[in-house]
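Report on the following structure.
Number of protein chains: 2
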Amino acid sequence: MEKRHITIKDIAKEAGVSTATVSMVFNNKDKNISKATRDKILKIGKDFNYIPNSIARSLVTKRTNTLGLLVPDIVNPFFPEIARGAEDRARESSYSIIICNTDDDVERENNYLNVLSEKMVDGIILTHSANRSDEKKGLESCRVPLILIDRDYDLENLIGKVLIDNTSASYDGVSYLIEKNYKKIAYIAGPLNTRTAKDRLNGYKKALYDHSIEYDENLVLVGEYRSQWGSDASLRLIENAYDIDAIFCGNDLIAIGAMKTLGEHNIKIPDDIGIMGFDDIYISSLVNPELTTIKQPNYKMGYEAVNMMIDYLENENIKEKTLILNTDLIIRKSC
Amino acid sequence: MEKRHITIKDIAKEAGVSTATVSMVFNNKDKNISKATRDKILKIGKDFNYIPNSIARSLVTKRTNTLGLLVPDIVNPFFPEIARGAEDRARESSYSIIICNTDDDVERENNYLNVLSEKMVDGIILTHSANRSDEKKGLESCRVPLILIDRDYDLENLIGKVLIDNTSASYDGVSYLIEKNYKKIAYIAGPLNTRTAKDRLNGYKKALYDHSIEYDENLVLVGEYRSQWGSDASLRLIENAYDIDAIFCGNDLIAIGAMKTLGEHNIKIPDDIGIMGFDDIYISSLVNPELTTIKQPNYKMGYEAVNMMIDYLENENIKEKTLILNTDLIIRKSC
DNA sequence: ATGAAAGCGCTAACAA
DNA sequence: TTGTTAGCGCTTTCAT
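Line by line, the protein sequences give chains A and B. Per our numbering, the very first residue in the first sequence carries number 1; after that it's consecutive. Per our numbering, the very first residue in the second sequence carries number 1001; after that it's consecutive.
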């Protein structure tokens, strides 16, 4: 436990060469080093169980091969897929990921930005705090390359953004319902204070419009992204005897609540009422495999964000890019 | 973007002092530095937007304030809570967490161990690969302080372990059912190839034994941790007309599948059949709030593991510790 | 109360 | 093909 770590100096001495030579060997800048010394050095490295000190290397190269990933909360089932996609892409290029939970707290977010700066991460992938509003200071002064994911936000000095096209996602979903001959489609939405939620509502409206179906604001119920709200809202819809034949849901929790309530009232899915929802948190597929959903490409979002970052870091690719990912319509039994 | 970073050298020059003084000020080793110079240095730091380079610091202090966290897959809903608990405790002491997904692959795990070693993380928290069996090499030669969580494993040179008492967890769950007057309790289990699963089965047996209920191996069905298996197994139980009045489930997916099937057969819960399961992946609480479950203290597991690690790192607390966490019985409607 | 200087382990010119 | 050397930015004795 206590014994000093082996350094290239030790190896150099042991091999009777200079540290420069050893360094080159371990960095595969071998081109003009004799196979003999190369092999000797490698062997000694193995024998002594040499572990390079990448901190020392980072100090001179100014690269840490580490990225920061800021998400609101990894426990929110929306984010693990993003983290996994990010980590997978990172690993492909030998980067590591430092994960940070911001809880949508601007101060925490700024603090992490600082810490990551100090740790010299090569880049930061960030789902910016929903509460940031106009408090851009921390973000704008961030000297580390930044890529935004999921939530759009106006900012200078960005490397890029990776977003989801929520408008066309709900447009596609609602259109699909319409083409299945559901004409009276209610929308149980989550809170409308995010761009995401507004886009989804717009997609719903646009789909109706393009199919010459009149928009009826009584069929749009705005509440929370919780299954209880799905239950309550669907109950309201059926109790008020609205003439509906389908329900489009703001996310999967809502959809699950709605399905449950409909079931309790012996309303058959999809014969009596069709149901569709965003698979925001991937519960549908686990628990209600019969629910037709719009699947978020979260894994891809994380993967592409890191891909964009590494592209920037390694190829000096600086043109700002905005990558807009499409969702998938997962067709199952219920519609 | 291109301008050189400010260093303590710049600040020292600007303030007309030595780098040593500047360093001490920024490290709060102020005791004998005049308030005047202190303030001057701090002001210059602020004005120049000085960001300390913790890589350089790490090189000399041999501390990175970074921990590694190895989990099989952050997308598996079992792990985000662990990661969150770990990150929360880490943040309290200004540590960061590098997250690594091993996919239960020994080679990947060993590779991460290496990378983290090179990055000089101060410690590693690890859910060891289920497939490791006797391939201890990578782990045993790891020079970084190691703490095991969730899955037990025999290993020298450990700082400690944080585990869950699965035996007494299922013992408590089954006992609770028995005390609620359910006497014929079936057990739908996941695969028995892990210590965890075996412990749970033993707890079940022990609870029966202690309550003088005879163990009937026909009532124990072994399958997968999937809701489909919960459906299939419960179907088998009712079709074979076993005389049961409760089902104890190996995890929540199984329980959800079972509940669904029972519902489809108009079997009432909990009147006809009581149900209980391990809330392994926290789906119950989201989707089936009426399901009584045994909640895993995963957040706490992550939190305590990092706590133990930091205790070791900062207080040289070396006695090997095994912390065994208890589960909680979450009593809801169904039992 | 402050400064000088050595050095953490490594890389990268530049020399040889 | 290999060695010399000068740092990277910081901490830390030991002087003063």
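Glycine residues also receive a C-beta, built at the ideal position from the N, C-alpha and C atoms.
Reference Asn315 (chain A); option with closest CA among A:Asp30, A:Asn53, A:Ser93, A:His5 | Here the question's residue 315 (chain A) lines up with position 315 in the first sequence. For the residues A:Asp30, A:Asn53, A:Ser93, A:His5, the minimum Cα distance to Asn315 (chain A) belongs to A:Ser93.
Three-state secondary structure (DSSP) at Asp1311 (chain B)?
-> Indexing the second sequence from 1 puts residue 1311 (chain B) at position 311. Asp1311 (chain B) falls in the helix class under three-state DSSP.
Rounded straight-line distance, which links the Cα of Gly277 (chain A) to that of Lys1180 (chain B) = Within the second sequence, numbered from 1, the residue matching residue 1180 (chain B) stands at position 180. Within the first sequence, numbered from 1, the residue matching residue 277 (chain A) stands at position 277. Going by the C-alpha atoms only, they are around 39 Å apart.
Interface residues of chain B facing Arg84 (chain A) [CB-CB closer than 9 Å] | One-based indexing of the first sequence puts residue 84 (chain A) at position 84. Within 9 Å Cβ-Cβ: Asp1073, Ile1074, Val1075, Asn1101.
When we look at the beta-carbon of Glu1109 (chain B) and count the other beta-carbons within 10 Å, is it buried (16 or more) or exposed?
-> On the second sequence, residue 1109 (chain B) is found 109 positions in, with the first residue counted as 1. It is buried - the Cβ of Glu1109 (chain B) has at least 16 other Cβ atoms within 10 Å.
Got a sec: which bits of the segment 257-282 of chain A sit with their beta carbon under 7 Å from any beta carbon on chain B, in order along the chain?
-> none
Which of the three DSSP states, helix, strand or coil, is assigned to Ser23 (chain A)?
-> Translated into positions along the first sequence, residue 23 (chain A) becomes position 23. Three-state DSSP puts Ser23 (chain A) in a helix.
Locate the beta strand (DSSP E) running through Tyr1204 (chain B), then write down its first and last residues.
-> One-based indexing of the second sequence puts residue 1204 (chain B) at position 204. No beta strand (DSSP E) contains Tyr1204 (chain B), which is instead part of the alpha helix (DSSP H) from 1195-1210.
For Glu156 (chain A) and Val1121 (chain B), the rounded distance between their alpha carbons | Residue 1121 (chain B) sits at position 121 when you count from the first residue of the second sequence. Residue 156 (chain A) sits at position 156 when you count from the first residue of the first sequence. Approximately 33 Å, taken between the alpha carbons.
Got a sec: is the Cβ-Cβ distance from Ala1255 (chain B) to anything in chain A below 8 Å?
-> Residue numbering aside, residue 1255 (chain B) sits at position 255 when the second sequence is read from its first letter. Chain A contact via Cβ: absent.
Using the beta-carbon count (16 or more within 10 Å), is Ile1331 (chain B) buried or exposed?
-> Taking the first residue of the second sequence as position 1, residue 1331 (chain B) is located at position 331. Classification for Ile1331 (chain B): exposed.
Neighbour-count burial assignment, Glu1087 (chain B), 16 or more Cβ in a 10 Å radius = Residue numbering aside, residue 1087 (chain B) sits at position 87 when the second sequence is read from its first letter. Buried.
In DSSP terms, what Cys142 (chain A) is bridged to | The residue given as residue 142 (chain A) occupies position 142 in the first sequence. None; Cys142 (chain A) has no bridge partner.
Have a look at Arg1057 (chain B) and Lys1295 (chain B) and give me their C-alpha separation to the nearest angstrom.
-> As a working mapping, residue 1057 (chain B) is identified with position 57 in the second sequence. As a working mapping, residue 1295 (chain B) is identified with position 295 in the second sequence. Cα to Cα, the separation comes out at about 42 Å.
Going along the segment 46-59 of chain A in order, which residues come within less than 9 Å of chain B, judged by CB to CB distance?
-> Asn49, Ile51, Pro52, Asn53, Ser54, Ile55, Ala56, Arg57, Ser58, Leu59
So does the segment 216-232 of chain A actually touch the segment 190-202 of chain A, counting three or more Cβ pairs closer than 8 Å?
-> yes
Please list the segments of the alpha helix (DSSP H) lying wholly inside the segment 228-270 of chain A, counting only runs of 4 or more residues, in order along the chain.
-> 252-264
Counterpart residues of Thr66 (chain A) in DSSP-defined beta bridges = As a first step, residue 66 (chain A) is located in the first sequence; it is residue number 66 there, counting from the start. Per DSSP, A:Ser96.
Label Ile256 (chain A) either buried or exposed according to how many other C-beta atoms from any shown protein chain fall within 10 Å of its C-beta, with 16 as the threshold for buried.
-> Here the question's residue 256 (chain A) lines up with position 256 in the first sequence. That one is buried.
Closer than 9 Å at the beta carbon, the chain B residues around Glu81 (chain A) = Translated into the one-based positions of the first sequence, residue 81 (chain A) becomes position 81. Simply Ile1074, Val1075.
DSSP three-state call for Asn53 (chain A): helix, strand or coil?
-> The sequence position of residue 53 (chain A) within the first sequence is 53, counting from 1. Reduced to three states, the DSSP call for Asn53 (chain A) is coil.
Using the DSSP secondary-structure output, state which residues sit across from Val162 (chain A) in a beta bridge.
-> For the purposes of this step, residue 162 (chain A) is identified with residue 162 of the first sequence, where counting begins at 1. Bridge partners of Val162 (chain A): A:Ile149, A:Leu323.
Does the beta carbon of Lys1136 (chain B) sit closer than 8 Å to a beta carbon anywhere in chain A?
-> For the purposes of this step, residue 1136 (chain B) is taken as the residue at position 136 of the second sequence. Chain A contact via Cβ: absent.
How is Cys335 (chain A) classed by DSSP in three states: helix, strand or coil?
-> Within the first sequence, the letter at position 335 stands for residue 335 (chain A). Residue confidence is low: Cys335 (chain A) scores 48 on pLDDT, short of 50, so the model does not pin down where it sits. Its coordinate-derived value is still stated next. In the structure shown, Cys335 (chain A) sits in coil (DSSP, three-state: anything other than H, G, I, E or B).
What's the C-alpha gap between Ile1324 (chain B) and Val1162 (chain B)?
-> The residue labelled residue 1324 (chain B) in the question sits at position 324 within the second sequence. The residue labelled residue 1162 (chain B) in the question sits at position 162 within the second sequence. About 6 Å.
Might you give, ordered along the chain, the residues of its own chain that have their beta carbon closer than 6 Å to the beta carbon of His1005 (chain B), omitting 5 neighbours on each side?
-> Numbered from 1 along the second sequence, position 5 holds the residue referred to as residue 1005 (chain B). Within the same chain, His1005 (chain B) has no close Cβ partners at all.
Which same chain residues, not among the five before or five after Lys1137 (chain B), have their C-beta less than 8 Å away from its C-beta?
-> Reading the second sequence from its first residue, position 137 is the one you call residue 1137 (chain B). Closer than 8 Å at Cβ, skipping near neighbours: Asn1110.
Report the rounded CA-to-CA distance for Glu1002 (chain B) versus Pro1145 (chain B), giving the unit in angstroms.
-> Mapped onto the second sequence, residue 1002 (chain B) falls at position 2. Mapped onto the second sequence, residue 1145 (chain B) falls at position 145. In this prediction, Glu1002 (chain B) scores a pLDDT of 43, lower than 50, which makes its location untrustworthy; the coordinate-derived value is nonetheless stated afterwards. Their Cα atoms are separated by approximately 38 Å.
Taking the alpha carbon of Ile41 (chain A) as the point to measure from, which residue in A:Gly274, A:Ser18, A:Asn53, A:Ile97 has its own alpha carbon closest?
-> Working through the first sequence from its first residue, we reach residue 41 (chain A) at position 41. The residue with the shortest Cα to Cα distance from Ile41 (chain A) is A:Ser18.
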